[in-house]
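Beneath this line is the structure, given in structure tokens, with notes to follow.
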Amino acid sequence: MESDDDYTKDGTVDINKKPANKKKTGTWKACPFILGDEGCERLAYYGMSTNLVNYIKKRLNLGIAASSTTVTNWQGTCYLTPLLGAFLADAYLGRYWTIAGFSLLYIIGMALLTISASVSGLKPVCNDVTCHSTSSQRTAFFVSIYLIAFGTGGIKPCVSSFGADQFDDNDEKEKKKKSSFFNWFYLSINVGALIAASALVYIQENVGWSWGFGVPAVAMAIALAFFFSGTRLYRLQPPAGSPLTRILQVFVASIRKCHVKPPHDETRLYETTDKESSIIGSRKLEHSNEFRFFDKAAVETGSDKVNGSVSPWSLCTVTQVEEVKSIIRLLPVWATGIVFSCVYSQMSTMFVQQGGYMDKHIGQNFTIPEACLSIFDTLSVIFWAPFYDLVIIPWARKYTGNERGFTQLQRMGIGLVISVFAMAAAAVLEIVRLDYVRRNNYYDLKSIPMSIFWQVPQYFLIGCAEVFTFIGQLEFFYDQAPDAMRSLCSALSLTTTSLGNYLSTLIVTIVNNVTTRHGKVGWIPDENLNRGHLDYFYWLLAILSIINFFVYLWISKWYTYKKVTVKA
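For reference, each letter of the sequence shown is one residue, going 7 to 574 in our numbering.
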């Protein structure tokens, strides 16, 4: 006989829309399929994006700054489109069907990209010196990569949340396992990235771009097959209707009652008498004392009823009001992630450009593509993710008393500090490289006799910072998001990467405009980095990162964690 204890208490259902059975669905039974899907999807994404700056520079024949900004603009879009995917998932489709539908769009984009690099007439024509691309060829290329950007928009905000949905927050045993899921989730991302940064970049540079883009396309198809294979084991959180509508209702109701004074006794604020929240898939939230203006939306007045029933545009529940407060509290923390993402974006742009002017030989006959150095970022993550889970958390727990070792905010802050050292390492290397150029008059050499492996420390530090900040961010935004807005909040966290890429584009554009005045070469010259000062650019990012960290410290002290109402 099955009892109520055999079913989840968080409102999740199985694929047949029946209450999810704990013994038959979810937890680590379902997670391998989700992790496999994510690993293959990331292999596809990084397989086509890691070396994309070189394809644009060499095959489409754009300059250093132009190719870098093209990549950062595209990457920015990849992390902005998740807002659309998250909205559809939370409001209408649910996470499962959003992932499935957008994966198909992703595969179409990957296939078109492969065709644009393979088929005569669509691929640029190259000779021994340079390549020439027509406007139609460039159009086919940009259409394909922006199809991928929209495809990834439905996957990025949903997969991590979908994986976390497999653990019931109302079951203490399952809840403890959720934190480990985020570490292993990020590890799966980097296993895919490891293969992309090594084997696929080598294929692109030495075999050809048709194979270099074709393999990621196949990997994306395998990712979708992985995802569908676990269908019967998944727990699905039903869509709860438009979160934007609920947010707007609170704003409208608060403004309508702007002259109403909220009561000091919070129990007088409106809330349903049921144990469950009136919002599908959401637990009730406790009242908080911040942003008291929005409490006005939960104050009952005589004009709240329309034709005998309560209008949600006039009266909102405490839980609905607290949803809005939770989002507002998240925004300052979210904003501090933008500078970190700007630093992270240098790994696929300026780090690659810098490495292009260094000696890429391993022995006499083998040459490593400069984009392959990102493998050390991936190896860093693969090392630090399990090390954090198995060593750092137990060690920190002894001193902090926190079950997670560090709070999520402390974890992200440590990553912000490490990112400063990453930029400092890149700047110091560039100072040494340029000094070597000057002393030996190597200005016109495309590859100076200085090993590219001197870049390893900056990549390794970026990877370490990722484990603290990005994984902490994933967990923080899922944990602090209202239950019915988790995809949206995951997308919100991803937009820091989007805005970080756009910020990088803006900074590069400003730096170029300012430093090339009066005929000067500038910090980031299009033709020859040996005559520039990329080190100044890195120091600028390091200074911005320091300022950002102190702002983050102030915000962290102010932040109040979400509190869920305990059922009687």
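For each residue, glycine too, the CB sits at the ideal point set by N, CA and C. Please read all numbers here as calculations on a predicted model, not as lab measurements.
Would you kindly check if the distance between the Cβ of residue j and the Cβ of residue i is under 9 Å?
{"i": "Ile-344", "j": "Leu-509", "result": "yes"}
{"i": "Phe-93", "j": "Tyr-484", "result": "no"}
{"i": "Gln-172", "j": "Ile-40", "result": "yes"}
{"i": "Gly-4", "j": "Phe-555", "result": "Any question about residue 4 goes unanswered here, given that the chain covers just 7 to 574."}
{"i": "Asp-310", "j": "Asn-176", "result": "no"}
{"i": "Glu-180", "j": "Gly-32", "result": "yes"}
{"i": "Asn-536", "j": "Val-443", "result": "yes"}
{"i": "Ala-432", "j": "Pro-245", "result": "no"}
{"i": "Thr-104", "j": "Ala-95", "result": "yes"}
{"i": "Glu-436", "j": "Leu-540", "result": "yes"}
{"i": "Leu-254", "j": "Ser-386", "result": "no"}
{"i": "Ala-50", "j": "Ala-231", "result": "no"}
{"i": "Val-256", "j": "Ala-227", "result": "no"}
{"i": "Thr-503", "j": "Asn-79", "result": "no"}
{"i": "Gly-421", "j": "Phe-219", "result": "no"}
{"i": "Ile-454", "j": "Tyr-192", "result": "no"}
{"i": "Ile-161", "j": "Ser-235", "result": "no"}
{"i": "Cys-378", "j": "Ser-204", "result": "yes"}
{"i": "Ser-425", "j": "Pro-163", "result": "no"}
{"i": "Met-342", "j": "Leu-89", "result": "The sequence as given places Thr at residue 342; Met does not occur at that position. No, the pair does not count as a contact, with Cβ atoms beyond the cut-off."}
{"i": "Val-266", "j": "Thr-307", "result": "yes"}
{"i": "Met-429", "j": "Val-349", "result": "yes"}
{"i": "Val-517", "j": "Ala-391", "result": "no"}
{"i": "Ser-194", "j": "Asp-395", "result": "no"}
{"i": "Trp-190", "j": "Cys-46", "result": "no"}
{"i": "Lys-569", "j": "Glu-292", "result": "yes"}
{"i": "Met-116", "j": "Ala-199", "result": "no"}
{"i": "Thr-18", "j": "Asp-134", "result": "no"}
{"i": "Ile-286", "j": "Gly-247", "result": "yes"}
{"i": "Leu-128", "j": "Ile-121", "result": "yes"}
{"i": "Ile-530", "j": "Gly-538", "result": "yes"}
Whole angstroms is fine: what's the gap from residue i's alpha carbon to residue j's?
{"i": "Leu-206", "j": "Ile-513", "result": "30 Å"}
{"i": "Ala-71", "j": "Gln-81", "result": "15 Å"}
{"i": "Phe-482", "j": "Thr-413", "result": "9 Å"}
{"i": "Phe-382", "j": "Ala-202", "result": "12 Å"}
{"i": "Thr-475", "j": "Ser-551", "result": "13 Å"}
{"i": "Val-125", "j": "Thr-136", "result": "19 Å"}
{"i": "Ala-490", "j": "Val-316", "result": "22 Å"}
{"i": "Ser-457", "j": "Phe-357", "result": "14 Å"}
{"i": "Ile-399", "j": "Arg-523", "result": "51 Å"}
{"i": "Arg-417", "j": "Val-197", "result": "22 Å"}
{"i": "Gly-2", "j": "Thr-83", "result": "Because the chain here runs from 7 to 574, residue 2 falls outside it and cannot be looked at."}
{"i": "Asp-450", "j": "Asn-519", "result": "24 Å"}
{"i": "Lys-563", "j": "Cys-264", "result": "29 Å"}
{"i": "Gln-486", "j": "Gly-214", "result": "45 Å"}
{"i": "Thr-384", "j": "Ile-261", "result": "49 Å"}
{"i": "Thr-521", "j": "Ile-113", "result": "42 Å"}
{"i": "Tyr-567", "j": "Pro-488", "result": "12 Å"}
{"i": "Val-305", "j": "Tyr-565", "result": "25 Å"}
{"i": "Leu-275", "j": "Ser-294", "result": "12 Å"}
{"i": "Cys-495", "j": "Ile-333", "result": "8 Å"}
{"i": "Trp-560", "j": "Gln-370", "result": "53 Å"}
{"i": "Ser-283", "j": "Thr-323", "result": "9 Å"}
{"i": "Asp-11", "j": "Trp-340", "result": "37 Å"}
{"i": "Leu-58", "j": "Lys-184", "result": "34 Å"}
{"i": "Arg-298", "j": "Asp-271", "result": "12 Å"}
{"i": "Leu-99", "j": "Leu-242", "result": "11 Å"}
{"i": "Leu-321", "j": "Val-258", "result": "10 Å"}
{"i": "Glu-506", "j": "Leu-480", "result": "Reading off the sequence shown, one finds Gly at residue 506, where the question assumed Glu. Gly-506 and Leu-480: Cα-Cα distance of roughly 16 Å."}
{"i": "Phe-300", "j": "Trp-319", "result": "13 Å"}
{"i": "Glu-296", "j": "Tyr-102", "result": "35 Å"}
{"i": "Phe-427", "j": "Leu-415", "result": "19 Å"}
{"i": "Trp-581", "j": "Ala-170", "result": "What is shown of the chain runs 7 to 574, which leaves residue 581 out entirely."}
Where DSSP assigns a beta bridge to residue i, which residues make up the other side?
{"i": "Asp-365", "result": "Ser-457"}
{"i": "Pro-25", "result": "Val-19"}
{"i": "Lys-129", "result": "Ser-126"}
{"i": "Leu-242", "result": "Val-19"}
{"i": "Cys-137", "result": "Cys-132"}
{"i": "Val-570", "result": "Leu-291"}
{"i": "Thr-278", "result": "Beta-bridge pairing links Thr-278 to no other residue."}
{"i": "Phe-372", "result": "Ile-368"}
{"i": "Tyr-449", "result": "None, per the DSSP bridge assignment."}
{"i": "Tyr-13", "result": "Asn-27"}
Are at least three pairs of beta-carbons, each pair with one atom in the stretch 352-365 and one in the stretch 326-341, less than 8 Å apart? no
Which ranges does the beta strand (DSSP E) cover as unbroken runs of at least 3 residues, wholly within the stretch 34-104, from first to last along the chain? none
Does the stretch 135-153 touch the stretch 62-79, meaning 3 or more C-beta pairs lie closer than 8 Å? yes
Return the chain-ordered ranges of every beta strand (DSSP E) run that is complete within the stretch 131-208 and spans a minimum of 3 residues. none
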